[in-house]
Amino acid sequence: MSSDQDHLKETDTEARFEFKKEQKAAFVAEKGLTEETIRVISEDKDEPEWMLERRLRALKQFQKMPMPTDWPGQPDLSEVDVNKIVPYIRPDVEVRGGVDDWRDLPDDIKDTFDKLGIPEAEKNALSGVGAQYESEVVYQNMQERWEEKGVVFMNMDQAVQEHEDIVKEYFMTKCVPPSDNKFAALHGAIWSGGSFVYVPEDVTVEMPVQAYFRMNSEGMGQFEHTLIVAEKGSEVHYIEGCSAPKYSAFNLHSGGVEVFVGEDAHVQYSTVQNWSKNTYNLNTKRAIVEKGGRMEWISGSMGSKATMLYPASILKGRGASDNHITIAFAGEGQNIDTGAKVYHNAPETKSTIESKSISKDGGRTNYRGLVHIANGAKNSSTAVECDALMFDNESTSDTMPYMEINESTVDVAHEATVGKIGDEDIFYLQSRGLDDDDAKQMIVSGFIEPITEELPIEYAVELNRLVELEMEGSLG
2 MSSDQDHLKE TDTEARFEFK KEQKAAFVAE KGLTEETIRV ISEDKDEPEW
52 MLERRLRALK QFQKMPMPTD WPGQPDLSEV DVNKIVPYIR PDVEVRGGVD
102 DWRDLPDDIK DTFDKLGIPE AEKNALSGVG AQYESEVVYQ NMQERWEEKG
152 VVFMNMDQAV QEHEDIVKEY FMTKCVPPSD NKFAALHGAI WSGGSFVYVP
202 EDVTVEMPVQ AYFRMNSEGM GQFEHTLIVA EKGSEVHYIE GCSAPKYSAF
252 NLHSGGVEVF VGEDAHVQYS TVQNWSKNTY NLNTKRAIVE KGGRMEWISG
302 SMGSKATMLY PASILKGRGA SDNHITIAFA GEGQNIDTGA KVYHNAPETK
352 STIESKSISK DGGRTNYRGL VHIANGAKNS STAVECDALM FDNESTSDTM
402 PYMEINESTV DVAHEATVGK IGDEDIFYLQ SRGLDDDDAK QMIVSGFIEP
452 ITEELPIEYA VELNRLVELE MEGSLG
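Everything in the sequence shown is counted per our numbering, starting at 2 for the first residue and increasing by one.
Rendered as structure tokens:
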């Protein structure tokens, strides 16, 4: 890495995210969502017939489902028109499925990921890396020591070809069916790229694997699919990073995530998302957790014009547990609607949800959550904590918890606090030598620390820096 790039990576987070490249693509689909478009994409990927059939069924589901418009306080989605979106762009990379050496990428794509710091992170702290540019994974690599233990980490398009039986069994059948919601159906019809992770029984992947998704072109949609299967007694930490530069037209991100946590297995899924302020971020993420399994979701979401993101876990086996931690930041013109869903479908299951939201300059944050404890899920417990911090009188923050408790022998707790940065707090810090901006940033850093301390150090530093830039109004 050149000294200029190294300096950029370490000191100028804003420049790292906001640059964009002139589009160079090998294939660009027509705007809109039609059967013909889906058939062309599927043919371009050389997919098996069963995947094309699933895409077409999802298209029919999408066409008959209404746009969600009746949720109290939900973000305005009236601008989201799939007929104005380019659903698929294959970047101009010679090797389909991605290269395994950064040096083999075209200069413009390689420069993008150099500036984002991904190759450097791979050297220092990761077991494997996948990098998606537009609609396709362009780089994929896994350390040999994990491959030798049977761990699989590859892009989803490649997994359809090489691990067809596993993908056919799990892909949008049990966890996130297209019928779940309109954007899940959209995703099922037009998905492209993403990650496939398979961890065999009793294998612990000691260093995280990471995927990074970058949208570069204006007016496109990115629909990556992530499928993680962790067998009995296994353990893996998957980290996802997402970003997009500023655009003059809206972009759409509608990813799908399916996680299968086997008996006594442990999966941690961490994501830090920094979209531009005219990107709509509408994802569907869900995990199924078997007996004694443990699922952890850690999410940082900021930058988009509107986000609707509610990772869900279904606790199927006795003693299964789930932990959700979320940070949401909304500035001027932004509506960040995040939360969590947990379904306790077995005895002695446990869940915790911790949400931290920050709003300024008239932005809106909202926690929207659901905890369902089924009849028979005896001795289960759940605790929900929602904390909101506002900078001014124009900003808003809401909490919309919903609990369905159908069993009497359970422990249920919910706590919510809403606060505003007070003049006394600022004055105290200024009396200790800080200016106004530094004082506010210190308060916010302390507010989100319980969450950032759960992230790997590189991501914690990045998230804190992104929050600082949001507070300055310089992102997006």
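Note that beta-carbon positions come from the ideal geometry of N, C-alpha and C, so glycine has one too.
The beta carbons of residue 321 and residue 350 sit closer together than 7 Å. Between the segment 376-388 and the segment 404-411, the count of C-beta pairs closer than 8 Å reaches three or more; the two stretches touch. Counting C-beta atoms within 10 angstroms of its own C-beta, residue 175 has fewer than 16 neighbours from the protein chains shown and is therefore classed as exposed. The beta carbons of residue 213 and residue 242 sit closer together than 7 Å. DSSP, reduced to helix, strand and coil, places residue 410 outside both helices and strands of the structure shown, so it counts as coil. Listed in chain order, the beta strand (DSSP E) elements of length 3 or more contained wholly in the segment 234-268 are 236-244, 252-254, 257-262. Excluding five sequence positions before and after residue 347, the CB atoms of its chain that fall closer than 7 Å to its own CB belong to 316, 317, 318, 319, 321, 378, given in chain order. Assigned with DSSP and collapsed to three states, residue 35 falls in coil, not helix or strand. Per DSSP, residue 64 lies in no beta strand (DSSP E) segment; the continuous alpha helix (DSSP H) that holds it begins and ends at 50-65. Looking only at 280, 168, 166, the smallest Cα-Cα distance to residue 304 is reached by 280.
Residue range 145-148 is occupied by the alpha helix (DSSP H) that includes residue 146. Under the rule that a run must span 4 or more residues, the alpha helix (DSSP H) segments found entirely inside the segment 135-214 read 145-148, 157-163, 165-171, 183-191. Under DSSP, residue 339 shares a beta bridge with 310, 368. Secondary structure at residue 225: coil, using DSSP grouped into helix, strand and coil. The three-state secondary structure of residue 437, taken from DSSP, is helix.
Cβ neighbours of residue 260 within its own chain (closer than 6 Å, five residues either side excluded): 229, 268, 288. Taking C-beta atoms as the reference points, residue 297 and residue 324 count as a pair closer than 7 Å. 190 is the residue among 106, 190, 136, 238 whose C-alpha sits nearest the C-alpha of residue 38. Separation of residue 101 and residue 210 (C-alpha to C-alpha, rounded to the nearest whole angstrom) is 15 Å. The C-beta distance from residue 68 to residue 78 rounds to 6 Å, short enough to meet the 8 Å contact threshold. If you check the CB distance, residue 276 and residue 282 come in under 7 Å. The criterion of a C-beta distance shorter than 7 Å is not satisfied by residue 152 and residue 160. For a cut-off of 8 Å, the C-beta gap from residue 192 to residue 238 is around 24 Å, too long to register as a contact.
Scanning 272, 91, 404, 106 for the CA closest to the CA of residue 158 turns up 91. Cβ neighbours of residue 376 within its own chain (closer than 8 Å, five residues either side excluded): 407, 408. With a threshold of 16 other beta carbon atoms within 10 Å, residue 393 falls short and is exposed.
In this structure, the alpha-carbon of residue 448 lies about 48 Å from that of residue 51.
A check of alpha carbon separations from residue 362 across 373, 371, 334 identifies 334 as the nearest.
Secondary structure at residue 419: strand, using DSSP grouped into helix, strand and coil.
In the three-state DSSP reduction, residue 274 falls in the strand class (E or B).
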